[in-house]
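So the sequence shown is residues 1 to 433, counted in the UniProt record's numbering.
Just so you know, even glycine gets a beta-carbon here, dropped at the ideal spot from N, CA and C.
Below is one structure; the comments refer to it alone.
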Amino acid sequence: MSATAAVAPAVPLNPLPTTPDDAHPRHMADHDASSPDEASVSEALAASVVVATERAERWNDSPRNVSRVAAAFLCFLVMGANDAAYGVSYVSSALLNNHLHHALGQRGIALICGGCHLAAYLVVALHPPYGVLVFAFVLAGFGNGVADAAWNAWVGSLANSSELLGFLHAFYGVGGVVSPLIATTMITKASLPWFSFYYIMIAVAGLETITLSCAFWSSSGTEYRRLYKTHELEHETRLRNVLFKTPSARVSWVAALFLLCYVGVEVALGGWIVVFMLRVRQGEPFASGMSAVGFWLGITIGRAVLGFVTPRMGIKLSTAVYIAAAAGLELIFWLVPQFYVSAVAVALQGFFLGPLFPNAVLVASKLLPRQQHVVVIGFAAAFGGCGAAVLPFATGILAQTRGPQVLQPMVLSLLVVLLGIWVCFPRIGKRKE
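Okay, here's the thing in structure tokens:
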């Protein structure tokens, strides 16, 4: 004992490091004084950060990831080729998405999505009575809703997600541009019946089902629950809690309202542009139809190209610039009464509108914990489906009473509202950007 005591004074003592500001007693006192609600919010946000800071996989990390990205692209091509966003389909998929992922994993989603598309197109190809036809499209819409949430959430969790989401939604646009051209050629040039187009869709949907199933076969329900830790955070992944109780509720509702407004603008312009160019700009039928093709091509190219611009400018700033550019082009479209000026303006408008949907998915993915991506994106996509149904219908009612010229002020007003909603998203930290 005495020897030890003699040695002890010889140990050099270094000065203690300066106390950081966030450990100062005053700050500790403030923390202790916080309310239980604030403490629970802080704990929930801390849990979100833990999940969000896990290293993101890259799309080319492994052949499995490459095949999964390719399968998701093919799925969105099919969705764009025959969009069936019926309200009941998307609402039901939003309610069931989380449960389906927990029970069946992404393997089950792949089988359900591809199976719904394949079954629907088989029914349509038989040209059944109208009631059965509606049911078939509702079935296809359910497949769209399930796939929308699943593949947006998965691609949004990868590294370089801005570029990948841009390409994912560009494939949707490719389907939307190519399928009407193929169907029109088959009907007008080859004099085939309208349902002949669905023979092609059956083949593509069959390929989609096979590729999705093979790519995601290893992602069972058990694997999904293990990877996303849903057994530990089950209360955070329920739709009601995500929308009303967790700190993520603001992000969920802002994303839903943004997609509601955006999809309404997209479908209103895409659906009414031909009528406007025919009646107001006095265009020829073929040229007026090509203006709609130009709009959808603009959306497709914008998603593919601007996905590389967005991360360099920052997602919040770049998206605000895109919306402002679309509003400026809308003013040109409205106020310059020349057919070709209007056609170019609407194509460029599509270019700047294109990345808005993937950017909304991207910002939600960055702000929300990983285990909430599917349920929130599914809910927001369902809201977007409602916008696709309600806002073009409202535009049609006004066009019936006031004429198709009401399209321009209505779209401009919606773009202003869209910019206001975008500003309501919380700020994204530099690290997450």
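So what's Asn60 in DSSP terms, helix, strand or just coil?
-> Correct three-state label for Asn60: coil.
By Cβ distance, which residues of its chain are closer than 6 angstroms to His24, with the 5 residues on each side in sequence left out?
-> Reliability fails at His24, whose pLDDT of 41 lies under 50, so the model's placement of it is uncertain and the value that follows must be treated cautiously. None.
Gln282 in three-state terms, based on DSSP | Coil.
Quick one, are the C-beta atoms of Leu243 and Trp253 less than 8 angstroms apart?
-> Yes, the pair counts as a contact, with Cβ atoms nearer than the cut-off.
Determine the extent of the alpha helix (DSSP H) in which Phe137 is found, giving its start and end residues.
-> Run containing Phe137: 130-156, per the alpha helix (DSSP H) assignment.
Are there 16 or more other CB atoms within 10 angstroms of the CB of Glu284, so buried, or fewer, so exposed?
-> Counting of Cβ neighbours within 10 angstroms places Glu284 among the exposed residues, the total staying below 16.
From Gly105, Asn144, Leu104, pick the residue whose C-alpha is nearest to that of Phe73; which is it?
-> With distances taken between CA atoms, Phe73 lies nearest to Asn144 out of Gly105, Asn144, Leu104.
Residues of its chain near Thr319, where Cβ-Cβ distance is below 7 angstroms and the 5 sequence neighbours each way are ignored | Once the five neighbours on either side are set aside, the close Cβ partners of Thr319 are Leu356, Asn359, Trp422.
Is it buried or exposed for Ala347, if we count other Cβ within 10 angstroms and need 16 for buried?
-> Around the C-beta of Ala347, 16 or more other C-beta atoms lie within 10 Å, and the residue is accordingly described as buried.
Buried/exposed call for Pro9, threshold 16 Cβ in 10 Å = For Pro9, the predicted model reports a pLDDT of 46, less than 50, meaning its position is unreliable; a value from the coordinates is still stated below. By the Cβ neighbour-count rule, Pro9 is exposed, with fewer than 16 other Cβ atoms within 10 Å of its own.
Contact between the stretch 393-401 and the stretch 178-190: three or more CB pairs below 8 angstroms?
-> Touching, no, given that fewer than three Cβ pairs across the two stretches are closer than 8 angstroms.
Keeping to the same chain, check which residues put their C-beta closer than 8 angstroms to that of Arg64; ignore five residues upstream and five downstream.
-> Ala215, Ser218.
Determine the contact status of Ala326 and Leu414, defining contact as a CB-CB distance below 8 angstroms.
-> Taking 8 angstroms as the Cβ cut-off, Ala326 and Leu414 do not qualify as a contacting pair.
With distances taken between CB atoms, is the gap from Ile377 to Ala364 smaller than 8 angstroms?
-> Going by C-beta atoms, Ile377 is nearer than 8 angstroms to Ala364.
Since I believe Phe76 is in contact with Trp154 (beta carbons under 8 angstroms), could you give me their beta-carbon distance rounded to a whole number of angstroms?
-> Between Phe76 and Trp154 the Cβ distance is about 12 angstroms, and since that is not below 8 angstroms, they are no contact.
Exposure of residue 477, with buried meaning 16 or more beta-carbon neighbours within 10 Å = Residue 477 lies beyond the stretch modelled for the chain, which goes from 1 to 433, so this question has no answer here.
If you check the beta carbons only, do Ser342 and Met277 fall under 8 angstroms apart?
-> Annotated as proximal: Ser342 and Met277, with beta-carbon spacing under 8 angstroms.
Return the Cβ separation of Glu208 and His117 in integer angstroms, given the expectation that the two are a contact with Cβ distance under 8 angstroms.
-> The pair is a contact, with the Cβ atoms about 6 angstroms apart (cut-off 8 angstroms).
Would you give the residue range spanned by the alpha helix (DSSP H) that Phe333 belongs to?
-> Note, Phe333: alpha helix (DSSP H), 315-335.
Ala136 versus Ala120: straight-line alpha-carbon distance, rounded = Distance between the alpha carbons of Ala136 and Ala120: 5 angstroms.
Helix, strand or coil for Asp32 per DSSP?
-> For Asp32, the predicted structure reports a pLDDT of 40, less than 50, and the residue's modelled location is therefore unreliable. A value from the coordinates is still provided. Reduced to three states, the DSSP call for Asp32 is helix.
Apply the 10 Å Cβ neighbour rule to Val361 and answer buried if 16 or more other Cβ atoms are within range, or exposed otherwise.
-> Here Val361 is buried: its Cβ has 16 or more other Cβ atoms, across all protein chains shown, within 10 Å.
Does DSSP put Arg226 in a helix, in a strand, or in coil?
-> Three-state DSSP puts Arg226 in a helix.
Alpha carbon to alpha carbon, what distance is there between Gly221 and Cys113?
-> Near 16 angstroms, if we compare the C-alpha coordinates of Gly221 and Cys113.
Count the other C-beta atoms from every protein chain shown that fall within 10 angstroms of the C-beta of Gln400, then say buried if there are 16 or more, exposed otherwise.
-> Counting Cβ neighbours within 10 Å, Gln400 comes out exposed, since fewer than 16 surround it.
Any idea what DSSP makes of Lys366, helix, strand or coil?
-> In the three-state reduction of the DSSP assignment, Lys366 falls in the helix class.
Alpha carbon to alpha carbon, what distance is there between Val293 and Gly403?
-> Rounded to whole angstroms, Gly403 to Val293 spans 23 angstroms at the Cα level.
Ordered along the chain, which non-local residues of its own chain (more than five positions away) have a Cβ less than 8 angstroms from that of Trp272?
-> Sequence-distant Cβ neighbours of Trp272 in its own chain, meaning closer than 8 angstroms and more than five residues away, are Pro392, Thr395, Gly396, Ala399, Pro404, Leu407.
Near Lys197, which residues of its chain fall below 7 angstroms by C-beta distance, leaving aside the five closest residues on each side in sequence?
-> The sequence shown places Phe at residue 197, not Lys. Excluding sequence neighbours, Phe197 sits near Ile182, Ala183, Met186.
Which one of Tyr224, Gly131, Leu158 has the shortest CA to CA distance from Lys366?
-> Of the candidates Tyr224, Gly131, Leu158, the one whose C-alpha sits nearest the C-alpha of Lys366 is Leu158.
Please determine, among Lys316, Tyr90, Leu111, the residue with the shortest C-alpha to C-alpha distance to Leu419.
-> Leu419 has its Cα closest to that of Lys316, out of Lys316, Tyr90, Leu111.
Any non-hydrogen atom of the ligand NAP within 7 angstroms of Pro355 CB = As for the ligand NAP, it is missing from this structure, which has no ligand bound.
Less than 8 angstroms separating the beta-carbons of Leu368 and Ser288?
-> Note that the C-beta distance between Leu368 and Ser288 is not below 8 angstroms.
So which of Glu330, Val275, Met290, Gly350 has the shortest CA-CA distance to Leu306?
-> Considering only alpha carbons, the answer is Gly350.
Could you pull out every unbroken alpha helix (DSSP H) segment of at least 4 residues lying fully inside the stretch 344-425, listed in chain order?
-> Counting whole runs of 4 or more residues, the stretch 344-425 contains the alpha helix (DSSP H) stretches 356-367, 373-402, 407-423.
Gln372 classed as buried or exposed, judged by whether at least 16 other C-beta atoms fall within 10 angstroms = Gln372 should be labelled buried.
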